[in-house]
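Chemist: Pasting a structure here, questions to come.
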Amino acid sequence: MSTPHSQAPKSGKPAPLASRPVRRRAPTLEIRPARREDYPTVIALLDAAHLPHCDLTPEHLDEFLLAERGERLEGVVGLEGQGEARLLRSLAVAERAQGAGLGHLLMEAAEARARAQGASRLWLLTTTAEPFFARAGYLRAERDTAPKALRLLTEFASVCPSTAACMTKMLD
Ligand SMILES: CC(C)(COP(=O)(O)OP(=O)(O)OC[C@H]1O[C@@H](n2cnc3c(N)ncnc32)[C@H](O)[C@@H]1OP(=O)(O)O)[C@@H](O)C(=O)NCCC(=O)NCCS
Numbered sequence: 023m024s025t026p027h028s029q030a031p032k033s034g035k036p037a038p039l040a041s042r043p044v045r046r047r048a049p050t051l052e053i054r055p056a057r058r059e060d061y062p063t064v065i066a067l068l069d070a071a072h073l074p075h076c077d078l079t080p081e082h083l084d085e086f087l088l089a090e091r092g093e094r095l096e097g098v099v100g101l102e103g104q105g106e107a108r109l110l111r112s113l114a115v116a117e118r119a120q121g122a123g124l125g126h127l128l129m130e131a132a133e134a135r136a137r138a139q140g141a142s143r144l145w146l147l148t149t150t151a152e153p154f155f156a157r158a159g160y161l162r163a164e165r166d167t168a169p170k171a172l173r174l175l176t177e178f179a180s181v182c183p184s185t186a187a188c189m190t191k192m193l194d
């Protein structure tokens with residue numbers, strides 16, 4: 023009778039590597055601080071997500087986080103501004119990776135980073151994802167109630183359309 027063992031080489035040695043079936047593990051997801059040299063891939067992802075980025079410089083990436091699987095960029099989120107109130111911006115997940123929780127993971131990572139840096143409140147502008155942020159505790163606010171320092175940022179002042187929803191959340 024044939025058993026799995028009967029197919030092993032007679033010598034008892036394992037089959038050479040080249041003849042074994044290749045089992046590739048899916049690369050794990052890593053969330054890491056962005057580097058300035060990530061700029062072109064970040065811009066490509068923001069482009070694909072139809073998010074504005076004309077004000078974004080490589081220096082902004084000092085306050086950005088990236089989600090990578092292997093070599094592939096799957097998501098991005100940024101913080102901007104100083105002090106107690108910060109702007110959460112440029113949250114985007116590659117289309118192929120959407121719907122698996124990565125958007126929330128990145129948002130929570132940005133919130134944790136802001137909290138660790140002493141921020142107590144986040145603000146954001148969105149034209150497309152108000153319900154997504156509302157489910158995470160962000161509340162609609164009048165744009166002119168945002169702190170002046172944030173309103174002077176280019177994203178607030180001119181990049182995001184005036185029709186964008188302004189939202190805010192107190193950090194625990
Ligand atoms: C918004 C975005 C970051 C969400 O990323 P994601 O990885 O798909 O989100 P998650 O998997 O964590 O959450 C998925 C849930 O959010 C909901 N959701 C995702 N995008 C949404 C949107 N634009 N509006 C409302 N709900 C949305 C999904 O329906 C899903 O709901 P479910 O859990 O009931 O099925 C992603 O859709 C994206 O990159 N959009 C384009 C850029 C954008 O609009 N960014 C926000 C402005 S800064």
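In the numbering used here, the protein residues as written are 23 to 194. Just so it is clear, CB atoms sit at the ideal spot from N, CA and C, and this is done for glycine as well.
Express the C-alpha separation of A156 and R58 in angstroms, rounding to a whole number.
Modeler: As a position in the sequence shown, residue 58 is number 36, starting the count at 1. As a position in the sequence shown, residue 156 is number 134, starting the count at 1. Approximately 31 Å between the Cα atoms of the pair.
Chemist: If I'm right that G103 touches V115 with Cβ under 8 Å, what's the distance once you round it to whole angstroms?
Modeler: Along the sequence shown, read from residue 1 onward, the residue named residue 103 stands at position 81. Along the sequence shown, read from residue 1 onward, the residue named residue 115 stands at position 93. G103 to V115, Cβ: 23 Å. No contact.
Chemist: Could you compute how far the alpha carbon of V181 sits from the alpha carbon of A158?
Modeler: Stepping through the sequence shown from its first residue, residue 181 is reached at position 159. Stepping through the sequence shown from its first residue, residue 158 is reached at position 136. Taking the straight line joining both Cα atoms gives about 24 Å.
Chemist: Could you name the residues, in chain order, whose CB is less than 5 Å away from a heavy atom belonging to ligand 1?
Modeler: Residues with a Cβ closer than 5 Å to any heavy atom of ligand 1, in chain order: A71, L113, A114, V115, Q120, G121, G123, L124, G125, H126, T148, T150, A151, P153 and F154.
Chemist: Just to check my reading of the structure: L127 and I53 have Cβ atoms closer than 8 Å, yes? What is that Cβ distance to the nearest angstrom?
Modeler: The residue labelled residue 127 in the question sits at position 105 within the sequence shown. The residue labelled residue 53 in the question sits at position 31 within the sequence shown. With a Cβ gap of about 7 Å, L127 and I53 count as contacting.
Chemist: Candidates A187, G121, E106 and M129: which alpha carbon is nearest L172's?
Modeler: Working through the sequence shown from its first residue, we reach residue 172 at position 150. For the residues A187, G121, E106 and M129, the minimum Cα distance to L172 belongs to E106.
Chemist: For H27, does the three-state DSSP call read helix, strand or coil?
Modeler: In the sequence shown, counting from the first residue as 1, residue 27 sits at position 5. Here the model assigns H27 a pLDDT of 45, short of 50, so the residue's position is not dependable and the matter cannot be decided.
Chemist: With distances taken from CA atoms, which of P62, P55, L147 and C76 is nearest G190?
Modeler: In the sequence shown, the residue the question calls residue 190 occupies position 168. Per the sequence shown, residue 190 should be read as Thr rather than Gly. Residue L147 is the option with its Cα nearest to T190.
Chemist: So, helix, strand or coil for V181, using DSSP?
Modeler: As a first step, residue 181 must be located in the sequence shown, where it is residue number 159. Helix.
Chemist: By the 10 Å Cβ neighbour count, where 16 or more other Cβ atoms means buried, how is P55 classified, buried or exposed?
Modeler: As a position in the sequence shown, residue 55 is number 33, starting the count at 1. Looking at its Cβ environment, which holds fewer than 16 other Cβ atoms inside 10 Å, P55 is exposed.
Chemist: Rounded to whole angstroms, what is the Cα-Cα separation between L88 and G100?
Modeler: Taking the first residue of the sequence shown as 1, we reach residue 88 at position 66. Taking the first residue of the sequence shown as 1, we reach residue 100 at position 78. Cα-Cα distance, rounded: 9 Å.
Chemist: Does the beta-carbon of M192 have 16 or more other beta-carbons within 10 angstroms, so that it is buried, or is it exposed?
Modeler: Here residue 192 is taken as the residue at index 170 of the sequence shown, counted from 1. Exposed is the call here.
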